[in-house]
Amino acid sequence: MNNCFKCRGLIITLLISILFRDSLASVVSTGDFNKDFFVMWAPNYVNTSSNGGERSLKLDQQSGSGFASNQMFLFGRIDMQIKLVPGNSAGTVLAYYVSETLDSFDFLHFSASDINRIALQSQLASDQPNRDEIDFEFLGNVSGEPYIVQTNIYVDGFDNREERIYLWFDPTEDYHTYSILWNLHQIVFMVDSIPIRVYRNHADKGVAYPRWQPMGIKISLWNGDSWATRGGLDKIDWSKGPFIASFKDYTIDACVWEGNPRFCRADSTDNWWNKPRMSSLSREQKRWFKWVRKYHMVYDYCQDHQRLLLEELNNVHCHKRCMIGSSGGSVGSSSAPAIGADTIRLDEFVDLATLIDWMDAEDVLD
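When the sequence shown is numbered by UniProt numbering, its final residue is 366 and no position is left out of the sequence of numbers.
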């Protein structure tokens, strides 16, 4: 199993180094967690290195923990290197997301039980009914099982846009980079520069898109065992704790909110993320995106027809995006897999030649 992880990880890394070129741009982050973030929950459970370059969060039976950015942003890109909770982490949830910001005062005056309740209900996000939010959620697993990454998007207070994938490596052995690109054109979730989800701006077709409200960065580790692992069947084994997640080498390249949305929405040199070239995935990115969705996707809300029908019958917010196409935006509905279909587990291996042949096929996403 370990050799499988390492071999596949090496192949992916080599291919990424060839296919991707990162653009140089100014950043608004210092690389020091003490300067760019504040502790919003359980300071005694947040450990930061002496130079501010590394930070960890702890969860035990008494409390979880979390921190948030000092500034708010409207569009940009965020990268964070994260090493997930190792071992039997069933029931734990690590949330890494952008949302409207709560002041630290609000959290530091809650008890641990209150905070756990709030975290479970709202992922430590604003209680405002029209909030926007862009979520990575890492759902703990039983030892030996693959980690599931859930992504979700709130727009004007509505969510229920979940997608889930299996990671193709062991995210507890080393740090990996998890990124959110948010611009006027699309939201892209990436893992080690590989796009795993795209949510395109179809506001002109009546589909809600987060484009007006500034958001802050938040990271929290908490007890989600009522739902996180196998729908809540696997509970947290507190004897395996404390549970630790680690962070380092983050980059925030985004428009700092100063009260004027027109500045952040401008197609300027500083706002490189709003340039036309950032309006869709590159050809190479589309190939990787297709690979993820074909072999690693386990849930797509647009393919959950029973749920969509029930929501429509109950007059719940209707997902117009699913009628336009898949939540991948640039892909048609026919390319979105059925729930759980064609999923490669971590103990299955695609050799390099097969992977390259598949990625060079002519049916690349439009």
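Ideal Cβ positions, reconstructed from N, Cα and C, are used throughout, including at glycine.
Inset, instruction - Work out the CA separation of residue 165 and residue 297 for me, nearest whole Å. - result: 4 Å
Inset, instruction - Kindly indicate which three-state DSSP category residue 220 falls into: helix, strand or coil? - result: strand
Legend entry - Cβ of residue 154 within 8 Å of any chain B Cβ: The structure shown contains no chain B; it holds only a single protein chain.
Legend entry - Continuous alpha helix (DSSP H) stretch holding residue 261: start and end: 261-265
Inset, instruction - Compare the C-alpha of residue 83 against each of 95, 91, 199 and name the closest. - result: 95
Legend entry - residue 144, buried or exposed, once every other Cβ within 10 Å from all chains shown has been counted against 16: exposed
Legend entry - Residue closest to residue 271, alpha-carbon to alpha-carbon, out of 257, 283, 284: 257
Legend entry - Secondary structure of residue 208, DSSP reduced to three states: When DSSP states are grouped into helix, strand and coil, residue 208 belongs to the coil group.
Inset, instruction - Classify residue 141 as buried or exposed, calling it buried when 16 or more other Cβ atoms lie within 10 Å of its own Cβ. - result: Under this definition residue 141 is a buried residue.
Legend entry - Contact set for residue 86: own chain, Cβ-Cβ below 6 Å, skip 5 residues either direction: 172
Legend entry - Extent of the continuous alpha helix (DSSP H) to which residue 36 belongs: 33-36
Inset, instruction - Using 10 angstroms around the beta-carbon of residue 59, count the other beta-carbons present and answer buried if the total reaches 16, otherwise exposed. - result: buried
Inset, instruction - Return the first residue and the last residue of the beta strand (DSSP E) that residue 182 is part of. - result: 176-182
Inset, instruction - Would you list, in sequence order, the uninterrupted alpha helix (DSSP H) runs of no fewer than 4 residues that lie entirely inside the region 226-313? - result: 261-265, 283-295, 305-313
Legend entry - Candidates 252, 222, 231: closest to residue 238 by CA position: In this structure, 222 is the residue among 252, 222, 231 with its C-alpha nearest to the C-alpha of residue 238.
Legend entry - Contact set for residue 194: own chain, Cβ-Cβ below 6 Å, skip 5 residues either direction: 288
Inset, instruction - Select from 247, 225, 202, 130 the residue whose C-alpha is nearest the C-alpha of residue 52. - result: 247
Legend entry - DSSP state of residue 47 mapped onto helix, strand, coil: strand
Inset, instruction - Identify the continuous beta strand (DSSP E) that holds residue 192 and give its terminal residues. - result: That residue, residue 192, is in no beta strand (DSSP E); it is neither H nor E in DSSP.
Inset, instruction - Note down, in chain order, each residue of its chain lying with its Cβ closer than 7 Å to the Cβ of residue 79, except the 5 sequence neighbours on either side. - result: 177, 179, 250, 251
Inset, instruction - Assign residue 186 to one of two classes, buried (16 or more other C-beta atoms within 10 Å of its C-beta) or exposed (fewer than that). - result: Note on residue 186: 16 or more other CB atoms within 10 angstroms of its CB, so buried under the neighbour-count rule.
Inset, instruction - Thinking residue 40 and residue 66 are a contact (beta carbons under 8 Å), I'd like their distance in whole angstroms, please. - result: Contact check for residue 40 and residue 66: beta-carbon distance about 5 Å, within the 8 Å limit, so the pair qualifies.
Legend entry - Sequence-distant residues of its chain with Cβ nearer than 7 Å to residue 268 (five each side left out): Answer for residue 268: no residue qualifies.
Legend entry - Inter-residue spacing [alpha-carbon to alpha-carbon] between residue 174 and residue 167: 13 Å
Legend entry - Beta-carbon proximity check, residue 91 vs residue 273, cutoff 8 Å: no
Inset, instruction - Could you check if residue 50 is buried or exposed, using at least 16 other CB atoms within 10 Å of its CB as the buried criterion? - result: exposed
Legend entry - Of the listed residues 190, 278, 160, nearest to residue 300 (C-alpha basis): 160
Legend entry - residue 56: first and last residue of the uninterrupted beta strand (DSSP E) it sits in: Looking at the DSSP string, the run of the beta strand (DSSP E) that includes residue 56 is 54-59.
Inset, instruction - Look up residue 203 in the DSSP assignment and say whether it is helix, strand or coil. - result: Note: residue 203 maps to helix in three-state DSSP.
Legend entry - Whole-angstrom distance between residue 210 and residue 279, CA atom to CA atom: 15 Å
Inset, instruction - On the DSSP bridge assignment, give the partners of residue 84 in chain order. - result: Partner(s): none; residue 84 has no beta bridge.
Legend entry - Check whether residue 261 and residue 72 have beta carbons under 8 Å apart: Taking 8 Å as the Cβ cut-off, residue 261 and residue 72 do not qualify as a contacting pair.
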